[in-house]
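The working numbering applies: residue 1024 is where the sequence shown begins, and numbers increase by one.
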Amino acid sequence: MKKFAILALAAFLILPGAVFAQRTATQPAAPTSFQLTIAVNPGNAAIFVDGTQIKGNVATVTAGNHTVMTQAKGYLDFSTTVSVAGNMTLPITMQPATFQLSVNAANVKGAQVMLNGAMAGATPFAGQIAPGSYTVTVQAPGFLSYSESFTLAGPKAINVTLQPATFQLSVNATNVKGAQVLLNGGAAGTAPFNTQLSPGTYTVTVQAPGFVSYSESFMLTGPKSISVTLQPAMGTVSINLPAASINTDLKGGHWSQILIFVDGAPQKGQTVQVTPGRHLIKITSGGLQIEGFYDIQAGQTITFEPYLGINVK
């Protein structure tokens, strides 16, 4: 009887322990790995976890510290250490890499530099630019613009020599073919005349024998056309009366009684402008007249001196 009691007591003591052990064995074990999601911008970046590139952007890692690095073309590499204690998301925004772009115009200091159509500065120009596609334009008054398109993937230097811009100048004399054209005083050609000139200040002179020269000064900033009609150069007829032949007692002055005709047309005054060529000059006073044909050249002055004389026969 005593032996049975001892066995029963032992069974009573062992049974709760077995039940407790059974309950402990059925509880879930603590997790040993977690999901690390890397949300990176740009989305095509390569992701490395503890030095190994992963597929996609989710890595299964153990608890503790892990190194995450991202790489993408055109961006600075990014690296960080993250402490993982559960499922987590790591946001990463990568910074664009920049490269030096230098632009210079060898013959024009201060030329404008445009980057993708926007003002960027003046030569000599230097700036830090993110990778990408660009068009650089260099321009200056009086010069042809220079443009270059490229993909920036490293430092780049652009050195240009701007070419002077030229514009067409055309000159014509509508009534004189072959009239001489002078440019800033030097012979340039004959009308009709065409040439290409750099921007600047010019004086064009058009001249021909027997015609009044035409001159025009201007600032050439674009194509220019000059069309002129040359005016015939005039000759001068002047009437001069010798003092001994003047009637000083005439009321109203002696010129009130003297008439001058050129080709039959009455003239006013004692000096007359005539076109080059042969003209009939007639001078009358009272019942006397004198006339004759005379050749008068452009720019020439002919002075007539009528006098009153007596021939005794």
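In this text, a Cβ means the ideal position worked out from N, Cα and C, and glycines have one as well.
Everything numeric in this text was worked out from a predicted model, so none of it was measured.
Worksheet item: CB-CB under 8 Å to residue 1081, same chain, minus the five flanking residues each way: which ones, in chain order?
Response: 1058, 1059, 1060 and 1061
Worksheet entry | Distance, residue 1159 Cα to residue 1122 Cα | 15 Å
Discussion item. For a test of the three-state rule: what should DSSP assign to residue 1267, helix, strand or coil?
Written reply: helix
Worksheet item: Does DSSP put residue 1280 in a helix, a strand or coil?
Response: If DSSP states are grouped into helix, strand and coil, residue 1280 belongs with the helices.
Worksheet item: Taking the C-alpha atoms as reference points, what is the distance between residue 1168 and residue 1177?
Response: Distance between the alpha carbons of residue 1168 and residue 1177 is about 25 Å.
Practice prompt. Below 8 Å on the Cβ atoms is my guess for residue 1154 versus residue 1097; work out the distance and round it to an integer in Å.
Written response: 4 Å
Discussion item. If the criterion is Cβ atoms closer than 7 Å, does the pair residue 1126 and residue 1093 meet it?
Written reply: Taking 7 Å as the Cβ cut-off, residue 1126 and residue 1093 do not qualify as a contacting pair.
Discussion item. At the level of alpha carbons, what is the spacing between residue 1150 and residue 1136?
Written reply: If you draw a straight line from the Cα of residue 1150 to the Cα of residue 1136, it is about 11 Å long.
Discussion item. Please classify residue 1335 as buried or exposed, where buried requires at least 16 neighbouring CB atoms within 10 angstroms.
Written reply: exposed
Worksheet item: Just curious, the beta strand (DSSP E) that residue 1109 is in, first and last residue?
Response: Residue 1109 -> no beta strand (DSSP E), and no H or E assigned at all.
Worksheet entry | residue 1329 to residue 1206 span [Cα, whole Å] | Using only the alpha carbons, I get a separation of about 46 Å.
Worksheet entry | Close beta carbons around residue 1256, own chain, < 7 Å, minus the five adjacent residues each side | 1233, 1234, 1235, 1299, 1321 and 1322
Item to complete: Could you check the C-alpha separation between residue 1288 and residue 1165 for me, to the nearest Å?
Response: 56 Å
Item to complete: Decide if the stretch 1211-1225 is in contact with the stretch 1261-1271; the criterion is three or more beta carbon pairs, one per stretch, under 8 Å apart.
Response: no
Worksheet item: In angstroms, rounded to a whole number, what distance separates the CA positions of residue 1238 and residue 1192?
Response: 15 Å
Practice prompt. Tell me where the beta strand (DSSP E) around residue 1203 begins and ends.
Written response: In the DSSP assignment, residue 1203 falls within the unbroken beta strand (DSSP E) covering 1203-1206.
Practice prompt. Return the residue from the list 1182, 1197 and 1101 that minimises the CA-CA distance to residue 1248.
Written response: 1197
Item to complete: Let me know if residue 1224 comes out buried or exposed under the rule of 16 or more other beta-carbons within 10 Å of its beta-carbon.
Response: exposed
Item to complete: For residue 1326, collect the residues of the same chain with a Cβ closer than 6 Å to its Cβ; drop the 5 residues on either side in sequence, then sort them by chain order.
Response: 1261 and 1263
Worksheet item: Leaving out five residues before and five after residue 1183 in sequence, what residues of the same chain have Cβ atoms less than 6 Å from its Cβ?
Response: Non-local C-beta neighbours of residue 1183 in its own chain, meaning closer than 6 Å and more than five positions away in sequence, comprise 1128, 1161 and 1169, ordered along the chain.
Practice prompt. Take residue 1199 as the anchor and find which of 1222, 1180 and 1229 has the nearest alpha-carbon.
Written response: 1229
Worksheet item: Under a Cβ-count criterion, where at least 16 other Cβ atoms within 10 Å of its own Cβ denotes burial, should residue 1292 be classed as buried or exposed?
Response: exposed
Worksheet item: Quick one: complete beta strand (DSSP E) runs, 3+ long, within the stretch 1134-1207?
Response: 1135-1138, 1141-1145, 1148-1152, 1155-1162, 1169-1175, 1179-1183, 1190-1196 and 1203-1206
Discussion item. Quick check: residue 1084 and residue 1107, are their CB atoms within less than 7 Å of each other?
Written reply: yes
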